[in-house]
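In the numbering used here, the protein residues as written are 12 to 482. What follows is one structure encoded as structure tokens, with my remarks underneath.
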């Protein structure tokens with residue numbers, strides 16, 4: 012069993028040290044423990060806030076060959092791969108991506124064996140009933156199930172335990188320093204699994220890539236993902252992968268809190284209306300593709316607009332077609348009054364709506380397919396789901412970039428083993444989850460892939476770390 016000396020000795024020892032407390036960390040801890048290793052998990056957050064961004068998730072995307080009790084049809088490996096290539100525009104490690112997708116098939120069964128339960132998909136604009144498995148009770152229930160399984164297996168947990176330093180020599184992890192009860196504690200381990208998330212809650216780090224615009228970003232997830240462990244690893248010779256400005260960024264309600272607003276602040280109504288910036292100008296095709304494959308581009312689009320603010324505008328006939336935000340939409344009886352309430356230039360806004368309405372061509376509206384409702388003679392065009400905005404009352408949501416997680420991370424191989432800057436594989440260091448997501452997600456996103464990355468590579472990392480510890 013793990014040696015846990017007195018605080019006077021300030022020393023602990025284990026087979027596998029897992030840093031982080033979300034889905035990837037738990038899958039790693041459970042997998043390592045099932046391989047017979049003693050496992051210690053250090054979670055930097057307090058117990059109530061344990062779990063990182065997993066607390067805010069709803070589903071995961073896994074390949075499967077047939078319908079199930081909760082999935083409406085097959086989602087085969089090649090279709091998953093095609094979707095991934097489309098959203099990343101080819102910015103992915105193809106071999107690693109194919110490996111992840113293949114390993115996602117047995118993951119659906121494995122994760123249920125760890126106590127996670129699924130339910131049929133929710134209604135609304137995501138339309139993921141065939142491709143994504145929804146957690147019964149959401150992300151927190153999923154987390155609680157994994158924690159319960161891990162605890163029953165004998166995994167040890169410490170909360171409020173940020174890692175402040177690591178000793179890494181010639182690609183080999185030796186020890187970590189963590190803060191426990193206000194004191195520095197040394198933790199020695201035979202293997203390390205880093206699953207501590209990205210740096211999205213570190214505004215200063217975001218500004219290194221984004222400049223002053225990052226001051227206007229909202230952070231959808233945990234305030235504890237500040238990138239300390241990632242920075243530590245990169246500074247100590249682990250090879251990086253990814254662009255520091257690439258991230259999972261969606262358009263969320265501008266009235267959301269700075270941190271931890273979660274999924275209830277996301278807005279899924281872009282396809283039902285138009286989106287304008289502070290000058291009341293449209294700037295992108297709102298009907299380019301189905302929402303699950305495009306919702307994660309809108310954060311970056313809004314980030315490129317003046318003052319990083321935009322407004323989703325729609326009318327009465329669309330109000331009940333999507334899941335609303337936590338906050339009610341701004342409402343007005345006329346387009347001009349809506350402009351005044353949004354503090355937009357009234358004449359420019361009225362002209363944008365009028366020009367859009369004049370460009371809409373008749374069609375049969377159906378948001379579940381690529382319908383023939385489009386505009387003609389507009390820049391940019393709206394290529395699907397275009398309907399005139401003419402039925403009062405009129406509505407709008409103010410939106411800002413909502414950053415979920417960042418893609419700059421540690422390079423890994425198929426065994427989830429970290430790669431060193433000198434090109435060699437680390438001896439005993441593995442990574443899973445957001446901290447290595449950039450290997451698969453060079454850019455873009457599709458719903459549920461973050462949980463796929465965490466689950467698949469978490470299990471692989473845990474098993475690999477346990478094998479190394481035994482040997």
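Idealized CB from N, CA, C, for every residue including glycine.
Residue 310 and residue 260 - do their beta-carbons sit closer together than 8 Å?
Against a cut-off of 8 Å, the Cβ pair of residue 310 and residue 260 comes out as a contact.
Residue 342: which of 307, 332, 402 sits nearest, CA to CA?
Looking at 307, 332, 402, the one whose alpha-carbon comes closest to that of residue 342 is 402.
Between residue 187 and the rest of its own chain, which residues show a CB-CB distance below 6 Å, the 5 nearest in sequence each way excluded?
Excluding positions up to five away in sequence, the list reads 174, 177, 198.
Going by the DSSP bridge assignment, what does residue 384 pair with across the sheet?
BP columns for residue 384 are empty, so no partner.
DSSP beta-bridge partners of residue 75
According to DSSP, residue 75 bridges with 86.
Mind checking which residues open and close the alpha helix (DSSP H) that includes residue 54?
Here residue 54 belongs to no alpha helix (DSSP H), and DSSP marks it neither H nor E.
Does the distance from the C-beta atom of residue 72 to that of residue 463 stay below 8 Å?
Contact: yes.
Quick check on residue 398: does DSSP put it in helix, strand or coil?
It is coil, neither helix nor strand.
Cα separation between residue 388 and residue 288?
It is roughly 20 Å from the alpha-carbon of residue 388 to the alpha-carbon of residue 288.
Give a yes or no on whether the C-beta atoms belonging to residue 298 and residue 394 are separated by under 8 Å.
A distance below 8 Å separates the beta carbons of residue 298 and residue 394.
Residues bridged to residue 295 (per DSSP):
According to DSSP, residue 295 bridges with nothing at all.
Mind checking which residues open and close the alpha helix (DSSP H) that includes residue 353?
Here the alpha helix (DSSP H) through residue 353 covers 346–353.
Examine chain C for any beta-carbon lying closer than 8 Å to the beta-carbon of residue 132, and answer yes or no.
Annotation note: the requested chain C is absent from the structure, which comprises a single protein chain.
Let me confirm a value: residue 290 is counted as buried when at least 16 other C-beta atoms fall within 10 Å, else exposed. Which label applies?
The residue in question, residue 290, is exposed, as its Cβ has fewer than 16 Cβ neighbours within 10 Å.
Residue 315, buried or exposed, once every other Cβ within 10 Å from all chains shown has been counted against 16
Classification of residue 315: exposed, given that the 10 Å Cβ count is below 16.
Buried versus exposed, by CB contacts within 10 Å (16 or more), residue 123
When all chains shown are included, residue 123 counts as exposed.
Spatial neighbours of residue 109 within its chain, please: CB distance less than 7 Å, with the 5 preceding and 5 following residues excluded, ordered by chain position.
Closer than 7 Å at the Cβ level, and outside the excluded window around residue 109, lie 92.
What do you reckon, are the CB atoms on residue 39 and residue 206 nearer than 8 Å?
Yes, these two residues count as a Cβ contact at 8 Å.
Confirm the yes/no value for this check: CB of residue 104, any heavy atom of the ligand HEM, distance under 7 Å.
Looking at this structure, you won't find the ligand HEM or any other ligand, since it has none at all.
With a CB to CB cut of under 6 Å and the five nearest residues on each side skipped, what residues in its chain are close to residue 470?
Here residue 470 has 38, 42 as same chain residues with Cβ atoms under 6 Å from its own Cβ, once five neighbours each way along the sequence are excluded.
Closest to residue 422 by C-alpha separation, out of 104, 90, 112, would be which residue?
When only C-alpha atoms are compared, the closest one is 104.
Secondary structure of residue 46, DSSP reduced to three states
Looking at residue 46 - three-state DSSP - the assignment turns out to be coil, as it is neither helix nor strand.
Let me know the secondary structure DSSP gives residue 136 once reduced to three states.
Unreliable positioning characterises residue 136 in this predicted model, as indicated by a pLDDT of 49, which lies under 50. A coordinate reading is not provided.
Taking buried to mean at least 16 other C-beta atoms within 10 Å of its own C-beta, is residue 106 buried or exposed?
Under this definition residue 106 is an exposed residue.
Does the beta-carbon of residue 307 have 16 or more other beta-carbons within 10 angstroms, so that it is buried, or is it exposed?
If you draw a 10 Å sphere on the C-beta of residue 307, you find 16 or more other C-beta atoms in it, and that means buried.
Among the candidates 171, 116, 225, 386, whose CA atom is the shortest distance from the CA of residue 88?
Residue 116 is the option with its Cα nearest to residue 88.
Can you give me the Cβ contacts of residue 440 inside the same chain, cut-off strictly under 6 Å, excluding the 5 residues immediately before and after it?
Once the five neighbours on either side are set aside, the close Cβ partners of residue 440 are 184, 203, 429.
Return the bridge partner residues of residue 306 from the DSSP annotation.
Partner residues in a beta bridge of residue 306, as assigned by DSSP, do not exist.
Which two residues bound the contiguous alpha helix (DSSP H) that contains residue 158?
Element bounds for residue 158: 149–164.
Would the region 398–412 count as touching the region 323–341 if we require 3 or more Cβ pairs under 8 Å?
Three or more Cβ pairs drawn from the region 398–412 and the region 323–341 lie within less than 8 Å of each other, which places the two stretches in contact.
Between residue 278 and the rest of its own chain, which residues show a CB-CB distance below 7 Å, the 5 nearest in sequence each way excluded?
Cβ within range, chain order: 262, 263, 264, 323, 336, 408, 410.
Go ahead and pull the three-state DSSP assignment for residue 176.
The answer is strand: DSSP assigns residue 176 an E or B state.
Which class does residue 115 belong to by DSSP, given the choice of helix, strand or coil?
Residue 115: helix per DSSP, three-state reduction.
Going by beta-carbon coordinates alone, are residue 34 and residue 473 separated by less than 8 Å?
Note that the C-beta distance between residue 34 and residue 473 is not below 8 Å.
Distance CB(residue 417)-CB(residue 150) smaller than 8 Å:
Contact flag unset, no.
Nearest CA to the CA of residue 111: which residue from 253, 154, 466, 396?
If you compare the alpha carbons of 253, 154, 466, 396 with that of residue 111, the shortest gap goes to 466.
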